[in-house]
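Novice:
So this is what it looks like as structure tokens:
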């Protein structure tokens, strides 16, 4: 298998070879004329051509921008060749910092829209709601995932719905849309079965005197729920048992299905981290994977779990149309539905993995952060629990009607996704030259060249004080209920985008709301208080001491939020919970 680095070097060698042949021809021509061209002149000439090309492109783009009544996005000015210092800074912040570090500094210096211009490639970055609305909705056809994104992500996402454009994207979207078109009782049966298992394990561990890694537990809960919902074939990750604190010696070893589930979950997370790092290394990312495709090893583990399930589903496909499973039948899984539309194993696997990221990782991350925020805001916990007791009661199973009627619960979930966006960063690529709206009456539109990458961050947008008020850094669910809702969000709905927007808006957002609501209700029926126990996790995964000197939430954060494709807690979220008196 050819690695990304070798492929990149091959293309580079071809280009360099063409340049070399041109140089040889020029040298021979000069020799015939009796002119001797030393090597340094040839190198200077090649460098001059490269510099002139950059100048020419800049002049053409400024003229094109002027014709469209626009301006170029302000370029960042680094201290090293090709803004390499900016690229290295973003990689370091991604690995060792708080989400948005680096970008937040650039915004403070250069405004809410700028050009990273790393290694002479334009990469526009924005946190402006009007720009994001243009990209996702009003000029949707002109902003696609693009060839660069697909190449970067294809080793994990394939040609799935998150990594495709045009007819392939429409095909994937049409395959999955009918399955999310109505609520299913079977979803709540699934939620209840795995929520009960998770809570039972929590109680046992608390009674034994140990804290629990809530993120690990929610990852298992959502993985088991999602694999049953998607495949009708649960991975049974909850059967692996819960991990112990880092300083507790244990001789327990995973075997059988429990080990397969653990390996699958870890490999899937590793693969996502790798592809999330690639864009931050600019178009040079293949050079970091010269000797191997870093996603190959984790994806072998993922595929070894997925492939047998797909083969079984394809083999079971009914041969006659009259025997097809109806998508509206409550016991029909998404895979049952998909195999009626295609038996191509590559298409099926790509779609299943894309939906698994959407249906499992984002939900687990949001539930994890929700418990963190409830633990650090006990008055919110108390009020939410009062709503649970009033609307549902101490033991009844939540229903659709309960969840629809619980306004404060929805506000808590929305505020959690505002402060810690499930998908903090995203990217598109322009098809043709266009403009992004002016950010004020004194400004002009921003020119976007064709085939240009445009990154945007709802995470940073969600925390802008000029959009959400002076308390934008604070967790306050009431902002979705009181006058602030009408002051800030109602007139500008694109300032809140936890599920994306436009034609690519998340098809499963109601499923996600239902799953998160169900689990939170069950937790608050079972437990009356939450406390954090960061001493249970490895010291290297706790917030660094120097964060205390930072500004905003970062200075007082009690866990380390990190990002691959989605938000997660570095080292987990270790908690203890007090059982409610009527929990049993």
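In our numbering, the protein residues as written are 65 to 648. Note that the Cβ used here is the ideal one computed from N, Cα and C, for glycine as well. Just so we're clear, the structure is a prediction, and the values are computed from it rather than from any experiment.
(1) How about residue 560 and residue 570: do their beta carbons lie closer than 7 Å?
(2) In its own chain, which residues sit with a C-beta less than 7 Å from the C-beta of residue 208, not counting the 5 before and 5 after it?
(3) Anyone know if the C-beta pair for residue 452 and residue 588 falls short of 7 Å?
(4) If you drop the 5 nearest sequence neighbours on each side, which residues of the same chain put their C-beta closer than 6 Å to that of residue 518?
(5) Runs of 3 residues minimum, wholly inside the region 514-551: which ones carry the beta strand (DSSP E) assignment?
(6) Three-state secondary structure (DSSP) at residue 612?
(7) Give me the Cα-Cα distance between residue 183 and residue 223, rounded to the nearest whole angstrom.
(8) In or out: residue 375 buried (at least 16 other Cβ within 10 Å) or exposed?
(9) Determine the burial state of residue 633: buried for a count of at least 16 other Cβ atoms within 10 Å of its Cβ, exposed for fewer.
(10) For residue 541, which residues from the same chain have a beta carbon less than 7 Å from its beta carbon, with the 5 sequence-adjacent residues on both sides left out?
(11) Anyone know if the C-beta pair for residue 432 and residue 282 falls short of 7 Å?
(12) Please work out which residues of its chain come closer than 6 Å, Cβ to Cβ, to residue 593, disregarding the five sequence neighbours upstream and downstream, and give them in chain order.
(13) Touching or not, the region 550-557 and the region 498-505, by the rule of three or more beta carbon pairs under 8 Å?
(14) Any idea if residue 356 is buried or exposed, counting beta-carbon neighbours within 10 angstroms, 16 or more meaning buried?
(15) Can you give the Cα-Cα distance for residue 67 and residue 361, rounded to whole angstroms?
(16) Excluding the 5 residues preceding and the 5 following residue 266 in the sequence, name in chain order all residues of the same chain whose CB lies nearer than 6 Å to its CB.
(17) To the nearest angstrom, how far is it from the Cα of residue 507 to the Cα of residue 122?
(18) Do residue 616 and residue 537 have their beta-carbon atoms positioned less than 7 Å apart in this structure?
(19) Give the list of continuous alpha helix (DSSP H) stretches no shorter than 4 residues that lie fully inside the region 141-216.
(20) Am I right that residue 446 and residue 339 are in contact with their C-beta atoms under 8 Å? What's the rounded C-beta distance?
(21) Would you identify the three-state DSSP class for residue 66, choosing helix, strand or coil?
(22) So what does residue 691 bridge to, in DSSP terms?
(23) Could you please give me the residues that DSSP links to residue 506 through a beta bridge?
(24) Residue 574 to residue 200, Cα distance in whole Å?
(25) Between residue 384 and residue 411, what straight-line distance do the alpha-carbon atoms span, to the nearest angstrom?
(26) Could you tell me the alpha carbon to alpha carbon distance between residue 328 and residue 511, rounded to whole angstroms?
(27) Nearest CA to the CA of residue 454: which residue from 469, 438, 409, 441?
(28) Residue range of the alpha helix (DSSP H) that residue 282 falls in?
(29) What is the DSSP secondary structure of residue 384, reduced to helix, strand or coil?
(30) Would a C-beta distance cut-off of 7 Å place residue 137 and residue 179 closer than the cut-off?
(31) Does the Cβ of residue 505 have 16 or more other Cβ atoms within 10 Å, making it buried, or fewer, making it exposed?
(32) Mind checking residue 397: buried by the 16 CB within 10 Å criterion, or exposed?
(33) Measuring straight from C-alpha to C-alpha, what distance separates residue 637 and residue 458?
(34) Can the beta-carbon of residue 523 be found closer than 7 Å to that of residue 486?
(35) Buried or exposed: where does residue 627 fall if 16 or more other Cβ atoms within 10 Å of its Cβ makes it buried?
(36) For residue 292, collect the residues of the same chain with a Cβ closer than 7 Å to its Cβ; drop the 5 residues on either side in sequence, then sort them by chain order.
Specialist: Per the coordinate set shown:
(1) Cβ atoms of residue 560 and residue 570: not closer than 7 Å.
(2) The residues are 229, 492, 493, 495.
(3) For residue 452 and residue 588, yes; Cβs fall inside 7 Å.
(4) Result list for residue 518: 188, 492, in chain order.
(5) As summarised for the region 514-551, the continuous beta strand (DSSP E) elements at least 3 residues long and confined to that stretch are 517-521, given in chain order.
(6) Residue state, collapsed to three classes: helix.
(7) The alpha-carbon atoms of residue 183 and residue 223 are separated by roughly 28 Å.
(8) If you draw a 10 Å sphere on the C-beta of residue 375, you find fewer than 16 other C-beta atoms in it, and that means exposed.
(9) With 16 or more other Cβ atoms from the protein chains shown falling within 10 Å of its own Cβ, residue 633 counts as buried.
(10) Answer for residue 541: 444, 472, 475, 476, 479, listed in chain order.
(11) In this structure, residue 432 places its C-beta atom within 7 Å of the C-beta atom of residue 282.
(12) Cβ neighbours of residue 593 beyond the five flanking positions: 642.
(13) These segments do not touch.
(14) Answer is exposed; the Cβ neighbour count stays below 16.
(15) Counting only the Cα atoms, residue 361 lies some 12 Å from residue 67.
(16) If we look at residue 266 and ignore the five residues flanking it on each side, its Cβ neighbours are 276.
(17) Rounded to the nearest angstrom, the two C-alpha atoms are 21 Å apart.
(18) Yes, the pair counts as a contact, with Cβ atoms nearer than the cut-off.
(19) If we require 4 residues or more, the alpha helix (DSSP H) runs fully inside the region 141-216 come out as 148-160, 167-174, 193-197.
(20) 41 Å between Cβ atoms; not a contact.
(21) Coil at residue 66, not helix or strand.
(22) Residue 691 is absent from the structure shown; the chain starts at 65 and stops at 648.
(23) Beta-bridge pairing links residue 506 to no other residue.
(24) Those two C-alpha atoms are separated by around 20 Å.
(25) With a pLDDT of only 49 at residue 384, under the threshold of 50, the placement of this residue in the model should not be trusted; the figure read from the coordinates follows. Residue 384 and residue 411 have their C-alpha atoms some 22 Å from each other.
(26) Roughly 44 Å between the two C-alpha positions.
(27) With distances taken between Cα atoms, residue 454 lies closest to 469.
(28) 278-295 is the extent of the alpha helix (DSSP H) around residue 282.
(29) Because residue 384 carries a pLDDT of 49, less than 50, the predicted location of this residue cannot be relied on, and no value is offered for it.
(30) Yes, the pair counts as a contact, with Cβ atoms nearer than the cut-off.
(31) When all chains shown are included, residue 505 counts as exposed.
(32) By the C-beta density criterion, residue 397 is buried, having at least 16 other C-beta atoms within 10 angstroms.
(33) Cα to Cα, residue 637 sits roughly 26 Å from residue 458.
(34) It is not a contact, given that the beta carbons lie outside the stated cut-off.
(35) Around the Cβ of residue 627, a 10 Å sphere holds 16 or more other Cβ atoms; the residue is buried.
(36) 254, 298, listed in sequence order.
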